[in-house]
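One structure below.
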């Protein structure tokens, strides 16, 4: 007992200071690296603000008008929704080259079912969403269960879906007037309303709400955490009890449904339904918005809010250059620079020492 008391007496006189691990003396560049690592949407947001300021200074009040800014949002609505679908796939370290043609064939299905076959429009919309979901399900099955590379799988389904689109539709366009007369519900997302001096469409509202919904799901649900885990390290995720195949299957299926939803929005935006729009580079635009938005192509890192900012960056650059009367190729050049810069920054951020 005396020994114990002597031991306690020695402890009483010992140093009670707790070790401190605060980042004192850490260089500013390292702090910035840590901040960007923990806030992946910060980089595209900063670039977006800088782009708005630069074009605002160059163009003055014309660029800062509510009409111009809301017009940018209207122009990126379709790409923003497709970018949200692409984000889910890229977060799992995959890629989907087929979402653009899935969107087009879903629009063609909706139009033909409602107008050519005379079936009620709500059923036509559900049919289009089902087709999009089935296309995504096929991609997910081939990637998750057949263990085929996502790039090869979606490149193959891109060709299959595109050919099916042209064969089924006979490349016949459904006119804007016919949609208005027989299936006005297909033009739902073209409806606009005023918010002060700004004019917004339901398509823009749908894009923003979809991104916010997916942000919540990815950050505050178990499924969202599983998506990030599968993209970061699929083997570790599997060992921790995550059903990686099920996650991949649901991700690709949801991506297909979102692409079909983009089809409904695109009908409102474009008016007519043209099968030939399958050759438009929607896939490239969606991937561009996603990469510029800071979503890592290696999977497991990024915020879907960044994808929205990425789409807005492309929209701001395009609108700004158009208003300056610049050669359209400058938009292509700057987009390429932004893509390379985004990947370079992602690589730099991933080297952070946590």
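In the working numbering, the protein residues as written are 4 to 357.
Beta carbons: idealized from backbone N, C-alpha and C, even for Gly.
Please read all numbers here as calculations on a predicted model, not as lab measurements.
Between the region 241–249 and the region 162–177 there are fewer than three inter-stretch CB-CB distances shorter than 8 Å, so the stretches are not counted as touching.
Following the DSSP letters along the chain, one finds residue 147 inside the alpha helix (DSSP H) bounded by residues 124–147. If you draw a straight line from the Cα of residue 315 to the Cα of residue 335, it comes to about 15 Å. Beta bridge pairing from DSSP links residue 48 with no other residue.
Around the beta carbon of residue 197, fewer than 16 other beta carbons lie within 10 angstroms, which makes this residue exposed. Taking C-beta separations shorter than 8 Å and ignoring five residues to either side along the sequence, the partners of residue 90 in its chain run 217, 293, 296, 298, 305, 307 and 310, following chain order. Counting C-beta pairs closer than 8 Å gives three or more between the region 127–139 and the region 100–107, which meets the contact rule.
Taking the CA atoms as reference points, residue 347 sits about 12 Å from residue 46. For residue 191, there is no enclosing beta strand (DSSP E), as DSSP gives it neither H nor E. In terms of CA proximity to residue 287, 83 leads the group 301, 169, 148 and 83. For the 8 Å CB-CB criterion, residue 157 and residue 98 form a contact.
A straight line joining the alpha-carbon of residue 267 with that of residue 110 spans about 6 Å.
When the Cα atoms are used, residue 255 and residue 245 turn out to be separated by approximately 17 Å. In chain order, 227 place their CB closer than 6 Å to the CB of residue 220, counting only its own chain and leaving out the 5 sequence neighbours on each side. Closest by C-alpha distance to residue 260, out of 65, 338 and 130, is 130. The DSSP-derived three-state label of residue 160 is helix. With a 10 Å radius around the Cβ and a threshold of 16 neighbouring Cβ atoms, residue 166 comes out exposed. The Cβ-Cβ distance between residue 69 and residue 224 does not fall below 8 Å. Closest in alpha carbon position to residue 210, among 168, 85, 133 and 149, is 85.
Residue range 205–223 is occupied by the alpha helix (DSSP H) that includes residue 221.
A direct Cα-to-Cα measurement between residue 134 and residue 263 gives close to 8 Å. In the structure shown, the three-state DSSP call for residue 110 is helix. Cβ neighbours of residue 275 within its own chain (closer than 8 Å, five residues either side excluded): 176, 177, 178, 179 and 182.
The beta-bridge partner set that DSSP reports for residue 201 consists of 198.
Proximity to residue 213 across 43, 265, 124 and 132 peaks at 265, based on C-alpha coordinates.
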